[in-house]
Amino acid sequence: MGEHRQRYSEKFKKKAVEFAQEQRQKKTITDIADELQIPLSSLHEWMKHYREFENEPVTVDRVKQLEQQLEEKEHELKMKDKKLTESEEELAILKKAEHFFSKQKP
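Numbering-wise (the UniProt record's numbering), the sequence shown opens with residue 1 and increments by one.
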């Protein structure tokens, strides 16, 4: 017969994620899942949904990771800003051309 799947309450999921965040410095995520007797894939999914960063201790690696993400976002924003400026310039040229050609008489 088929296996019966365990269902977990929202409260349990949130508590499991909080526990995992607190224990992350001392144990691997696999060890935490084993300790809680839940599938590792479930814990990973719950971490995506219920993770709260204020429950995590600040580490050098985490700071570096956040700085890298910030740099990537800043670069992306600069590129979008540059593209927007170019588009605005093109639009201004087109408006001037439209005005110029609309005044010319055949």
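For each residue, glycine too, the CB sits at the ideal point set by N, CA and C. All of these numbers come straight from a predicted model, not from anything done at the bench.
Give the C-beta separation of ARG51 and GLN21 to the nearest angstrom, bearing in mind that I take them to be a contact with Cβ-Cβ under 8 Å. Their Cβ separation, rounded to whole angstroms, is 7 Å, which keeps ARG51 and GLN21 in contact under 8 Å.
Is it right to say ALA16 is buried, meaning 16 or more other beta carbons lie within 10 angstroms of its own, or is it exposed? By the neighbour-count rule (16 or more Cβ atoms within 10 Å), ALA16 is buried.
Cβ shell of TRP46 (< 7 Å), same chain only, five flanking positions each side left out: Its chain contains LYS13, ALA16 and VAL17 as the residues whose beta carbon lies nearer than 7 Å to that of TRP46, once the 5 sequence neighbours on both sides are disregarded; these appear in chain order.
Anticipated Cβ contact below 8 Å, LEU40 with ILE29, distance rounded: Rounded, the Cβ-Cβ distance is 7 Å, consistent with contact.
Range of the contiguous alpha helix (DSSP H) that encloses GLN6: Boundaries for GLN6: no alpha helix (DSSP H) harbours it, and the DSSP string shows neither H nor E there.
Please go through the same chain and pick out, in chain order, the residues whose beta-carbon is closer than 6 Å to the beta-carbon of ALA33, but skip the five residues on each side of it. Here ALA33 has LEU40 and LEU43 as same chain residues with Cβ atoms under 6 Å from its own Cβ, once five neighbours each way along the sequence are excluded.
The alpha helix (DSSP H) that contains residue 153, what's its start and end? Beyond the ends of the chain as shown, which are 1 and 106, falls residue 153; an answer cannot be given.
Backbone CA spacing between ILE38 and LEU70 [nearest angstrom]: Taking the straight line joining both Cα atoms gives about 34 Å.
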